[in-house]
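Participant: Numbered per the numbering used here, the sequence shown spans residues 17 to 441. For glycine and all other residues, C-beta sits at the position ideal for the given N, C-alpha and C. As the structure is a prediction and not an experimental result, all values here were calculated from the model. Here you go, one structure.
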Amino acid sequence: MDRQFLEFHDVLTSFKSYWHYRPFSQCSALDEAPWAQSSPQIVDRFKRFNLDDWAHFEDGLVGEESLDFLITLDPRFKVLKDLPFRKLTNASQVDFIHNAKIKQRKNEQLLALIDHLPQSLPPHILEWCGGKGFLSRLLRIEQKIQSATIIDWDSHLIQAGKDLRDIDLDTNLNIDQINELAYHYEVLDAMSPQAVERLHQHQCIFAIHACGCLHRRVIEQAQVNLHKTLVIAPCCYHLDTLDEYEPMSKIAQKYTQSETQGFTLNRYLLRLATQQRTHASERRQVLRQRAAAFRLGFEQLLLHLGFTDIHQFPSLSRAQQRQNFREVCLSFASALSLHPQPFQACSDADYDRFERLGHERLLQIIPLEQMRHVFRKSLEYWLCLDRCLALIDKGFDVQLTQFCDLQVTPRNLMITAQSYACSTP
Ligand SMILES: C[S@@+](CC[C@H](N)C(=O)[O-])C[C@H]1O[C@@H](n2cnc3c(N)ncnc32)[C@H](O)[C@@H]1O
17 MDRQFLEFHD VLTSFKSYWH YRPFSQCSAL DEAPWAQSSP QIVDRFKRFN
67 LDDWAHFEDG LVGEESLDFL ITLDPRFKVL KDLPFRKLTN ASQVDFIHNA
117 KIKQRKNEQL LALIDHLPQS LPPHILEWCG GKGFLSRLLR IEQKIQSATI
167 IDWDSHLIQA GKDLRDIDLD TNLNIDQINE LAYHYEVLDA MSPQAVERLH
217 QHQCIFAIHA CGCLHRRVIE QAQVNLHKTL VIAPCCYHLD TLDEYEPMSK
267 IAQKYTQSET QGFTLNRYLL RLATQQRTHA SERRQVLRQR AAAFRLGFEQ
317 LLLHLGFTDI HQFPSLSRAQ QRQNFREVCL SFASALSLHP QPFQACSDAD
367 YDRFERLGHE RLLQIIPLEQ MRHVFRKSLE YWLCLDRCLA LIDKGFDVQL
417 TQFCDLQVTP RNLMITAQSY ACSTP
């Protein structure tokens, strides 16, 4: 995996100017994009895009199209398409818990994840930041484990988890006995010393969609002679106690010490890795774009009227999203406690002009954001490789797989670490 990391680090570094920047503060027009000089043909193409084209482009970023776009930039990005992936073969499980309102998409995710697990697991697991513990229950129903400890700091989720009722697999036990024997729910802050104790008490840990410092803790505490299996699906890398990213593996530490050797990452850049929306409806996308254009138009109008020191605008309520540009500007002015007179004095032609300017500005800004977004999965892959290598540094055997389609969840990367040094229970 070292070689895999180095190759990918190299390609991501060589495309740093395409994602490692901050639109607005570093550049605010397409021609100023840090990548404009190296990809003039893309600049030309993007200049011809209208808002519908951008909506289509943004849609494509959710799935394979963004990978295809990357591969046209450099064939080395093909590694992202080639990540091990197996379609779910057994999707039969429905209504597995009597009184659970488990969302269809969550159900699909968990089943796909279970389908990608190692053949045998230790009989007892720890589900780290497990919410209601759906995964543990599914694992037991699928007869992969016998029992689970589920920790989460949200007492409501824990109580809702305790109240769940599995389908009755074992006719000798009633539902209360199953709950009593099979599941131990605990309200616990994953960052507390007691939670570390829990990590050390269990041989098999699942941390699914645990944010930044929460899954980081599992990796930091992992010990090859204590832990047999770790299954981690990382999430929200930017939600960490650290402002600047500290690489976890020795190799990443070496290659991210300076901007000249590679790149450094801060919270803003880390956010990119998980800044992925699932498909927004066409109508919501249109409303979002319209609101963004209106804000930019209003910004220009403010400058025209001599208000130069206003940089923060209120957001538009649902009702305001249906207003026309003039009405929106008056609402903004009122929310900012600006005197209405200059805004009322503007003619319809003025409003038309600033509305048009807003759309033009939006078309300049969208590509600066969207180009960064093309690199979301690449950054996420790099961060996952860093986590894999940190576990390899500790002596684990590690696999990185995609456990489901991007459409089911964009956080579809899963790290499985196994230790053969660990004695069997
Ligand atoms: C994205 S959810 C994932 C839940 C579950 N693993 C799943 O896949 O459905 C993240 C969970 O982490 C929990 N959480 C956040 N911070 C925590 C902390 N410091 N200690 C324990 N749990 C925490 C939240 O309450 C939430 O249930």
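Restricting to Cα atoms, I'd like to know which of Ser171, Leu133 and Ala176 is closest to Phe150.
Facilitator: Start at 1 with the first residue of the sequence shown, and residue 150 comes out as number 134. For Phe150, the nearest C-alpha among the options comes from Ala176.
Participant: Whose C-beta lies closer than 6 Å to the C-beta of Ser163 among residues of the same chain, with five residues either side of it excluded?
Facilitator: For the purposes of this step, residue 163 is taken as the residue at position 147 of the sequence shown. Only His140 and Ala198 meet the Cβ criterion.
Participant: How far does the alpha helix (DSSP H) with Phe370 in it extend, from its first residue to its last?
Facilitator: Here residue 370 is taken as the residue at index 354 of the sequence shown, counted from 1. Per DSSP, Phe370 belongs to the alpha helix (DSSP H) from Asp364 to Val390.
Participant: I need the straight-line Cα distance from Leu142 to Arg388, nearest angstrom please.
Facilitator: By 1-based counting over the sequence shown, the position of residue 142 is 126. By 1-based counting over the sequence shown, the position of residue 388 is 372. Taking the straight line joining both Cα atoms gives about 37 Å.
Participant: Within 8 Å: the Cβ of Ala206 and any heavy atom of ligand 1?
Facilitator: Within the sequence shown, residue 206 is the residue found at index 190, counting from 1. True, at least one ligand heavy atom lies under 8 Å from that Cβ.
Participant: Could you work out which residue in Leu46, Lys393, Tyr436 and Lys103 is closest to Glu80 when comparing CA atoms only?
Facilitator: What you label residue 80 is simply residue 64 of the sequence shown in a count that begins at 1. If we check each option's Cα against that of Glu80, Lys393 comes out closest.
Participant: Exposed or buried, what is Thr276 when buried is set at 16 or more other beta-carbons lying within 10 Å of its beta-carbon?
Facilitator: Counted from its first residue, the sequence shown places residue 276 at position 260. So Thr276 counts as exposed.
Participant: Within 10 Å of its beta-carbon, does Thr324 have 16 or more other beta-carbons around it, so buried, or fewer, so exposed?
Facilitator: Position 308 of the sequence shown, counting from 1, holds the residue named residue 324. That one is exposed.
Participant: Could you check if Ala406 belongs to the surroundings of ligand 1, using beta carbon to heavy atom distance under 8 Å?
Facilitator: Taking the first residue of the sequence shown as 1, we reach residue 406 at position 390. No, Cβ of Ala406 sits at least 8 Å from all heavy atoms of ligand 1.
Participant: Under the three-state reduction of DSSP, which class applies to Thr29: helix, strand or coil?
Facilitator: Here residue 29 refers to the residue found at position 13 when the sequence shown is read from its first residue. Note: Thr29 maps to helix in three-state DSSP.
Participant: When you measure from the CB of Glu236 to every non-hydrogen atom of ligand 1, does any distance come out below 8 Å?
Facilitator: Residue mapping note: residue 236 aligns to position 220 of the sequence shown, counting from 1. No - ligand 1 has no heavy atom lying nearer than 8 Å to the Cβ of Glu236.
Participant: Nearest-angstrom Cα distance between Leu22 and Arg299?
Facilitator: Position 6 of the sequence shown, counting from 1, holds the residue named residue 22. Position 283 of the sequence shown, counting from 1, holds the residue named residue 299. Roughly 42 Å between the two C-alpha positions.
Participant: Using 10 angstroms around the beta-carbon of Arg467, count the other beta-carbons present and answer buried if the total reaches 16, otherwise exposed.
Facilitator: Only positions 17 to 441 of the chain appear in the structure, and residue 467 is not among them; the question remains open.
Participant: With respect to 8 Å, is the separation between the Cβ of Ile224 and the closest non-hydrogen atom of ligand 1 below this value?
Facilitator: Locating residue 224 in the sequence shown gives position 208, counting from the first residue. Yes - ligand 1 has a heavy atom lying nearer than 8 Å to the Cβ of Ile224.
Participant: Count the other CB atoms, across all protein chains shown, that sit within 10 Å of the CB of Gln380; report buried if there are 16 or more and exposed otherwise.
Facilitator: Your numbering for residue 380 matches position 364 in the sequence shown. When all chains shown are included, Gln380 counts as buried.
Participant: Do Gln434 and Leu246 count as a contact pair if the criterion is CB distance below 9 Å?
Facilitator: Here residue 246 is taken as the residue at index 230 of the sequence shown, counted from 1. Here residue 434 is taken as the residue at index 418 of the sequence shown, counted from 1. Contact flag set, yes.
Participant: Going by Cα to Cα distance, which pick from Leu180, Gln273 and Thr417 is closest to Pro134?
Facilitator: Within the sequence shown, residue 134 is the residue found at index 118, counting from 1. Closest by alpha carbon: Thr417.
Participant: Are Leu258 and Cys227 close, meaning C-beta to C-beta below 9 Å?
Facilitator: By one-based count along the sequence shown, residue 258 stands at place 242. By one-based count along the sequence shown, residue 227 stands at place 211. No, Cβ-Cβ distance for Leu258 and Cys227 is not below 9 Å.
Participant: Relative to ligand 1, is the shortest distance from any of its heavy atoms to the C-beta of Lys178 smaller than 8 Å?
Facilitator: Position 162 of the sequence shown, counted from the first residue, corresponds to residue 178. No, the Cβ of Lys178 stays beyond 8 Å of every heavy atom of ligand 1.
Participant: Buried or exposed for His172, please, with buried defined as at least 16 other CB atoms from any protein chain shown within 10 angstroms of its CB.
Facilitator: Locating residue 172 in the sequence shown gives position 156, counting from the first residue. It is exposed - the Cβ of His172 has fewer than 16 other Cβ atoms within 10 Å.
Participant: Kindly examine ligand 1 and report whether one of its heavy atoms sits closer than 8 Å to the Cβ of Ala6.
Facilitator: With the chain covering 17 to 441 only, the question about residue 6 has no answer from this structure.
Participant: Could you tell me the distance, in whole angstroms, from the CA atom of Gln42 to the CA atom of Gln316?
Facilitator: Residue mapping note: residue 42 aligns to position 26 of the sequence shown, counting from 1. Residue mapping note: residue 316 aligns to position 300 of the sequence shown, counting from 1. Cα-Cα distance, rounded: 19 Å.
Participant: Tell me which same chain residues have a C-beta within less than 8 Å of the C-beta of Gln20, skipping the five on either side of it?
Facilitator: Locating residue 20 in the sequence shown gives position 4, where the first residue counts as 1. If we look at Gln20 and ignore the five residues flanking it on each side, its Cβ neighbours are Val95 and Leu401.
Participant: For the region 299 to 309 and the region 44 to 63, state whether three or more C-beta atom pairs, one from each stretch, are separated by less than 8 Å.
Facilitator: The region 299 to 309 vs the region 44 to 63: no contact.
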